[in-house]
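If you count by full-length UniProt numbering, then the sequence shown holds residues 1 to 172, one letter each, in order. Each residue gets a CB set at the ideal place from its N, CA and C atoms; glycine is no exception. Here the structure comes first, spelled out in structure tokens, and everything after it is commentary.
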Amino acid sequence: MAGSAEMASLEESFRKFAIYGDTKATGQEMNGKNWAKLCKDCKVTDGKSVTSTDVDIVFSKVKGKTARVINYEEFKKALEELAPKRFKDKSKEEAYEAICQLVAGKEPVNVGVTKAKTVGAVERLTDTSKYTGSHKERFDESGKSGRENIVDTSGYVSAYKNAGTYDAKVKK
């Protein structure tokens with residue numbers, strides 16, 4: 001079997017992939033989507049000997065009948081199941097060692113994540129120091145704050161100009 005340092009990095013990889021994309025995940029259990037991502041990102045699936053279908057079948061095999069997730073022990077069993085398929089020319093133990101080396105120390109890869117752009121017109125439009133006129137008054141240096149919308153509770157309609165003149169006009 002693999003060394004204790006390699007097993008620690010294998011467990012660390014398991015935990016990183018287990019919490020990937022799920023804010024409520026504890027890192028103790030991994031769902032099928034994250035298992036498939038682990039196999040894809042760590043190059044366990046090669047498209048020939050191990051496909052995404054094989055990965056899903058192995059996940060279904062090792063998890064409990066009613067469960068939707070696998071724990072670390074079931075994860076190791078799943079790797080044992082996939083190892084002989086991935087490395088056909090090696091013995092079962094050597095194949096397991098090789099598949100553990102593929103997974104150990106890896107992290108989830110973010111593919112297709114776009115970065116915010118601040119070039120050209122976007123930079124000019126979002127820089128509050130370059131604002132003029134009434135917009136200049138609206139924002140402070142940080143780009144926050146601005147005009148205060150104070151509610152007029154005087155009882156008059158918002159556009160009424162002669163507030164408070166009725167009593168002067170109608171004297172008895």
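(message) Taking the straight line between their C-alpha atoms, what separation do you get for Asp56 and Thr23?
(response) Taking the first residue of the sequence shown as 1, we reach residue 56 at position 56. Taking the first residue of the sequence shown as 1, we reach residue 23 at position 23. Taking the straight line from one Cα to the other gives about 23 Å.
(request) Go through its chain and collect everything with a Cβ distance to Met1's Cβ below 7 Å, but skip five positions before and after it. (result) Looking up residue 1 in the sequence shown gives position 1. Its pLDDT being 48, under 50, Met1 is placed unreliably by the model, and the measurement read from it follows with that caveat. Around Met1: no qualifying Cβ.
(request) Put Val122 into one of helix, strand or coil per three-state DSSP. (result) As a working mapping, residue 122 is identified with position 122 in the sequence shown. Helix.
(message) Just to confirm my understanding: we take Val50, look at its own chain, exclude 5 residues before and 5 after, and list those with CB closer than 7 Å. What are they?
(response) Position 50 of the sequence shown, counting from 1, holds the residue named residue 50. Excluding sequence neighbours, Val50 sits near Val44, Leu82, Lys85 and Arg86.
(request) Please state whether DSSP places Val69 in a helix, a strand or coil. (result) For the purposes of this step, residue 69 is taken as residue 69 along the sequence shown, with counting starting at 1. Residue state, collapsed to three classes: strand.
(request) Check the C-beta distance from Glu29 over to Ala18 and give it rounded, since I have them as a contact under 8 Å. (result) Counting from 1 along the sequence shown, the entry for residue 29 is found at position 29. Counting from 1 along the sequence shown, the entry for residue 18 is found at position 18. Indeed they touch by this definition, with Cβ atoms about 6 Å apart.
(request) Using the Cα positions of Asp89 and Tyr72, report the straight-line distance between them to the nearest angstrom. (result) Numbered from 1 along the sequence shown, position 89 holds the residue referred to as residue 89. Numbered from 1 along the sequence shown, position 72 holds the residue referred to as residue 72. If you take the alpha carbons of Asp89 and Tyr72, they lie about 27 Å apart.
(request) Compute the distance between the beta-carbons of Phe139 and Phe75, then report whether it is under 8 Å. (result) Taking the sequence shown and counting its residues from 1, one reaches residue 139 at position 139. Taking the sequence shown and counting its residues from 1, one reaches residue 75 at position 75. For Phe139 and Phe75, no; Cβs fall outside 8 Å.
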